[in-house]
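For the protein sequence lines, the chains are A and B, in the order given. When you line the first sequence up against this note's numbering, it's residues 255 to 367, in that order. When you line the second sequence up against this note's numbering, it's residues 604 to 781, in that order. Idealized CB from N, CA, C, for every residue including glycine. Note that the structure is predicted; figures quoted are calculated from it, not measured.
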Amino acid sequence: MRNRFIVLALACVAASTAFTPAVVAAAPAAKPVTHTVTIEGTQFAPASLTVNRGDTVVWVNKDPFPHTATAKGVFDSKIIAAGKSWRYKATRAGEFQYVCTLHPTMKGTLAVH
Amino acid sequence: MNSLKSVIAGAMSLAAAFAFGQTPAPASGPNDAQIAHIVVTANQVDIDAGKLAEKKGSSKEVRAFGKQMVTDHSGVNKQAVALVSKLKVKPEDNPTSQSLKSGGADNVKKLRGLKGAAFDKAYVDHEVAYHEQVLDAIDKVLVPNAKNEELKGLIVKVRPAFVAHLEHAKMIQSSLKG
Chain A
255 MRNRFIVLAL ACVAASTAFT PAVVAAAPAA KPVTHTVTIE GTQFAPASLT
305 VNRGDTVVWV NKDPFPHTAT AKGVFDSKII AAGKSWRYKA TRAGEFQYVC
355 TLHPTMKGTL AVH
Chain B
604 MNSLKSVIAG AMSLAAAFAF GQTPAPASGP NDAQIAHIVV TANQVDIDAG
654 KLAEKKGSSK EVRAFGKQMV TDHSGVNKQA VALVSKLKVK PEDNPTSQSL
704 KSGGADNVKK LRGLKGAAFD KAYVDHEVAY HEQVLDAIDK VLVPNAKNEE
754 LKGLIVKVRP AFVAHLEHAK MIQSSLKG
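#1: Buried or exposed, going by whether 16 or more other CB atoms sit within 10 Å of the CB of A/HIS357?
#2: Please confirm if A/GLN297 has its CB atom under 9 Å from at least one CB of chain B.
#3: With a cut-off of 9 Å, does the C-beta of B/ALA645 fall near any C-beta of chain A?
#4: For A/ALA336, which residues in chain B fall below 8 Å Cβ to Cβ?
#5: Look at B/ASP649 and B/GLY706 and say whether their C-beta atoms are less than 9 Å apart.
#6: Do you know offhand how far A/ALA344's Cα is from A/GLN297's?
#7: Is the distance from the Cβ of B/ASN646 to the Cβ of B/SER688 below 9 Å?
#8: What's the C-alpha gap between B/THR699 and B/ILE641?
#9: Does the CB of A/ASN359 have a neighbour CB from chain B at under 9 Å?
#10: Between B/ALA767 and chain E, is any beta-carbon pair separated by less than 9 Å?
#11: Hey, would you say B/ASP696 sits closer than 9 Å to B/GLN637, going by beta carbons?
#12: For A/GLU349 and chain B, any beta-carbon pair shorter than 9 Å?
#13: Sorted by chain position, which residues of the same chain lie with C-beta nearer than 6 Å to A/VAL302's C-beta, five sequence neighbours on each side aside?
#14: Can B/ASN751 and B/LEU690 be called in contact, C-beta distance under 9 Å?
#15: I need the boundaries of the beta strand (DSSP E) containing A/LYS343, first residue and last residue.
#16: Are the beta-carbon atoms of A/LYS316 and A/THR288 separated by less than 9 Å?
#17: Using a 10 Å radius around the Cβ and a threshold of 16 neighbouring Cβ atoms, would you call A/ALA347 buried or exposed?
#18: Please identify the residue among B/GLU730, B/GLU657, B/PHE722, B/LEU745 whose C-alpha is closest to the C-alpha of B/ALA767.
#19: Within 10 angstroms of its Cβ, does A/SER331 collect 16 or more other Cβ (buried), or is it exposed?
#20: Please classify B/LEU617: is it buried, with 16 or more other beta-carbons within 10 angstroms of its beta-carbon, or exposed?
#21: Answer yes if the segment 730 to 746 of chain B comes into contact with the segment 322 to 340 of chain A, meaning at least three C-beta pairs across the two stretches below 8 Å, and no otherwise.
#22: Looking only at its chain, what residues have a beta carbon closer than 6 Å to the beta carbon of B/LYS670, apart from the 5 residues adjacent to it on each side?
#23: Using the C-alpha atoms, what's the distance from B/GLY632 back to B/PRO694?
#24: Which stretch, first to last residue, makes up the alpha helix (DSSP H) that contains A/ALA335?
#25: Identify the residues that DSSP records as bridge partners of A/PHE329: which are they?
#26: Is it true that the CB of A/HIS367 sits closer than 9 Å to the CB of A/VAL305?
#27: Specify the secondary structure class of A/ASN315 as computed by DSSP and reduced to three states.
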């Protein structure tokens, strides 16, 4: 009975430690993740995205006409045709404003940490 | 410019015709079949002008913009036609479509007689006025009167493209002045 209580107590400690943010932060670099930015209605959604270095961002064009995702000097999808997508591996850290060169009202921000 | 105003007038007279007509429903504007026709016509008019600009534009910017108008408005129309056939709506001609069409024909006729910088200016000025006018029609006539949710959704979804085209045309307009 006493042994079982100790085991239970230890399990609780282990569980609570696992969820402590400090432990998460101290973990080695997170596994790369793929994020999606949907292009629809001549807008980027989400318009603002924060990712970690090494992550991949995919812009998916759901509009019936082409768009681009262009941050001058950093990345440029060129034409993303209707129904197509473009992937970018975010290797450079920084906060980048990007536009669609065809539709100057379309603006987005990609922050890479 | 007059032809552009006449489209608004056409839309208004259509609304008036419905308001004072014998239509049993409390309709005060175009029905969905007419709205579908207006959407397709509005896009086609800009495709026709764009095709001309793609060929006759003197600056690279104007030619590229004309090409983009052909691509974007063709894409929208492809989607509109697909929706209309899915909904089994038969687009119905109406005064707004007719004034859009005659306005477009007048514009193309005028543009054919111009070249060089004069062509560029006339085309871009018309694109600015045309997109402003279509946005006005979207907000005042098409969206408020569209009954079918999918038809309304399509118009709402393409609206930002018209705003983007207007901004783009204005940018080219001011660069041509410089």
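Put simply:
#1: buried
#2: yes
#3: no
#4: GLY678
#5: no
#6: 21 Å
#7: no
#8: 7 Å
#9: Contrary to the premise, residue 359 of chain A reads as Thr rather than Asn in this sequence. True, the Cβ-Cβ gap to chain B drops below 9 Å.
#10: The displayed structure is made up of protein chains A and B, and chain E is not among them.
#11: yes
#12: no
#13: What sits at residue 302 of chain A in the sequence shown is Ser, not Val. Excluding positions up to five away in sequence, the list reads THR363.
#14: yes
#15: 339 to 343
#16: no
#17: exposed
#18: B/GLU730
#19: buried
#20: Confidence in B/LEU617 is poor, its pLDDT being 49 and thus under 50, which makes the residue's placement unreliable; the coordinate value appears in the next sentence. Classification for B/LEU617: buried.
#21: no
#22: GLU657
#23: 15 Å
#24: Segment: none, A/ALA335 is in no alpha helix (DSSP H) and carries neither H nor E.
#25: A/ALA325
#26: yes
#27: strand
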